[in-house]
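Notes follow the structure.
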Amino acid sequence: MNKKMLRKIIGGILLVSIIALASWKPFQMYLEIPRQITVFQGEKVSFGKASAVFAAVAASPETIVLNQTDHLVSVSAKESGKSEVILDLAGFPIKKVDVNVLKGFRVYPGGQSIGVKLNTVGVLVVGHHQVETEKGRKSPGELSGIKVGDIITEINGQKIEKMSDVSPFVQEAGKNGKPLNILISREKGKFKAELLPLREKGASNYKLGLYIRDSAAGIGTMTFYHPDSKKYGALGHVISDMDTKKPIVVEDGQIVRSTVTAIEKGSNGNPGEKLARFSDDKEIIGNINKNSPFGIFGKLNRDIENDILDKPLPIALSHQVKEGPAKILTVVDNDKVEMFNIEIVSTIPQKFPATKGMVIKVTDPRLLAKTGGIVQGMSGSPIIQSGKIVGAVTHVFVNDPTSGYGVHIEWMLTEAGIDIYQKPESKAS
């Protein structure tokens, strides 16, 4: 027998062995056993095993309680900390499972309709304006290389915070015939530009040739707030400027209560919308200090209630969310928070923050009749599953308003600056 034939025979034997091993049930169960488990105090997690395999706690026995049957291992979390479970077969260790127990953590679910007012860092350039001069139509801003989406943060070395800060510089420079020294913030960094304002034909004032804006307003839905720190999260997605389509860089902002006045029902190809107004008292209930891909975040001035589920709930980490029935809290009439049925169609157990962690579908007949599904202004509505806050509604599918995306609550809490992965306090010796 030559070497080539021998290698073929050996290869065939190995292939058959691998196929047989892969189809062997104990081996399949071995592969399904997680290498790492993260769980909150008071919770229990289970996984399957072969009957011949024995599980034992190998470290920090005060942290977890282990129970097992022939085919199941249950780990109950007692105290925050780290532990290990070793599985052995005939006295030989075959797998180690790291167990990380987090402190019990709860936040209040939202659902309230909120009005959002954002103030930008500097003033945002949202367009170019052609100035009609004696020598033709020109845009000084465009000629200076200033682009839509740029943020003007300084003029002649002075900080610019709002639109009214700009005009005095423009008129003085126009009269003196001296260009403005402008500091621009752009995605790729900062740069300087010189801009000479021009006077419009038949007018006495001077123009930049730019459309600018210093604030934005809209409505959304509160997702959660943390009673100890007063930190909150809302919307579940970034707020972008309506003209530039770019995320608004926030200097500061405020949230107020809002009242839903009507619903524009969604249909295929036409997302619906909540029509709302800021509540008459215009009381500021919190600030805004971050506008991120995961929503807006800040601190509340006081506790708020939704009058339907006014108690702190535990949260689910991304890997704990399951496909199946769930509920959302949202407002579709006036300022009344209501609970509606949805289905979590799919969920991804993300190891790193990502905005589209779930696909959800509205199944509640009342909500479908009222809105057609998910509408603008519903973003941020908390998703509740098995008594836990698991995420928030974010985007609607344009061609199917009954369905859309959700973001896992784990990432919104992280963006809010809330440490849910608290390290256990060191014990006194």
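The UniProt record's numbering numbers the first residue of the sequence shown as 1 and each following residue consecutively.
Just so it is clear, CB atoms sit at the ideal spot from N, CA and C, and this is done for glycine as well.
Computed from a prediction, not measured in an experiment: that's the story for all the values here.
Would DSSP call residue i helix, strand or coil?
i: GLU415; result: helix
i: residue 431; result: Residue 431 cannot be examined here, being either before or after the span of the chain that is shown, 1 to 429.
i: GLU410; result: helix
i: MET378; result: coil
i: LEU143; result: helix
i: ILE420; result: coil
i: ASP310; result: coil
i: GLN350; result: coil
i: SER164; result: helix
i: LYS265; result: coil
i: GLN41; result: coil
i: THR133; result: strand
i: LEU275; result: strand
i: PRO325; result: strand
i: ALA369; result: helix
i: SER318; result: helix
i: GLY387; result: coil
i: VAL65; result: strand
i: SER229; result: coil
i: ASN399; result: coil
i: ILE33; result: coil
i: LEU235; result: coil
i: ASP333; result: strand
i: LYS356; result: coil
i: THR259; result: strand
i: residue 443; result: The question about residue 443 has no answer here: the residues shown for the chain are numbered 1 through 429.
i: ASP252; result: strand
i: LYS138; result: strand
Bridge partners of residue i, per DSSP?
i: VAL53; result: LEU89
i: ILE83; result: Just to set this straight, residue 83 is Ser in the shown sequence, not Ile. VAL99.
i: LEU300; result: GLY286
i: ARG199; result: TYR206
i: ASP280; result: Note: ASP280 sits in no beta bridge, so no partner.
i: HIS128; result: LEU210
i: PRO247; result: SER240
i: ALA392; result: PRO382 and VAL407
i: ILE184; result: ILE152 and PHE191
i: PRO109; result: PHE224
i: LEU72; result: GLY48
i: residue 470; result: As displayed, the chain neither begins before 1 nor continues past 429, which places residue 470 out of reach and without an answer.
Using a Cβ-based criterion (distance less than 8 Å to any ligand heavy atom), does residue i qualify as near the ligand FMN?
i: ILE284; result: You won't find the ligand FMN in this model; it holds no ligand whatsoever.
Considering only the alpha carbon of each residue, which of the options lies closest to residue i?
i: ASN268; options: SER258, GLY149 and GLY372; result: GLY372
i: residue 435; options: LEU89, ILE151 and VAL99; result: In the structure as shown, the chain starts at 1 and stops at 429, and residue 435 therefore has no counterpart that could be examined.
i: ASP228; options: ASN301, PRO179 and LYS162; result: ASN301
i: LEU87; options: ALA392, THR38, VAL53 and LYS78; result: VAL53
i: ASN156; options: VAL170, ILE146 and SER346; result: VAL170
i: VAL299; options: GLY104, ARG199 and ILE418; result: Checking the sequence, you will find Lys at residue 299 rather than Val. For LYS299, the nearest C-alpha among the options comes from ILE418.
i: LEU196; options: SER144, ASP243, TYR225 and ASP241; result: SER144
i: ILE342; options: VAL332, THR221, ASN334 and LYS361; result: LYS361
i: PRO34; options: GLN41, SER46, LEU180 and PHE40; result: SER46
i: residue 433; options: VAL321, ASN176, SER403 and LYS103; result: Shown here, the chain extends from 1 to 429; a query on residue 433 therefore has no answer.
i: ILE288; options: GLY115, ALA55 and THR38; result: GLY115
i: GLY272; options: LYS327, ILE383 and ILE374; result: ILE374
i: ILE389; options: ASN334, PHE224, SER74 and VAL131; result: PHE224
i: ILE348; options: GLU79, THR153, TRP411 and ALA173; result: TRP411
i: ILE94; options: GLU338, SER240, ILE160 and ALA50; result: ALA50
i: ASP335; options: THR259, VAL107, ALA217 and MET222; result: THR259
Mind checking residue i: buried by the 16 CB within 10 Å criterion, or exposed?
i: HIS71; result: exposed
i: THR69; result: exposed
i: ARG257; result: buried
i: PHE92; result: exposed
i: SER379; result: buried
i: residue 490; result: Residue 490 lies beyond the stretch modelled for the chain, which goes from 1 to 429, so this question has no answer here.
i: GLY253; result: buried
i: PRO325; result: exposed
i: SER318; result: buried
i: TYR405; result: buried
i: MET358; result: buried
i: GLN158; result: exposed
i: SER83; result: buried
i: GLY391; result: buried
i: MET242; result: exposed
i: GLY387; result: exposed
i: ILE64; result: buried
i: GLY42; result: exposed
Determine contact between the stretch 101-117 and the stretch 295-309, defined as no fewer than three beta-carbon pairs at a distance below 8 Å.
Yes: at least three Cβ pairs fall under 8 Å.
At least 3 beta-carbon pairs within less than 8 Å: the stretch 135-153 vs the stretch 95-103:
No, because fewer than three Cβ pairs between the stretch 135-153 and the stretch 95-103 fall closer than 8 Å, the two stretches do not touch.
Is it a yes or a no for the stretch 119-127 touching the stretch 205-219, going by three-plus beta-carbon pairs under 8 Å?
Cβ pair count under 8 Å is three or more, so yes.
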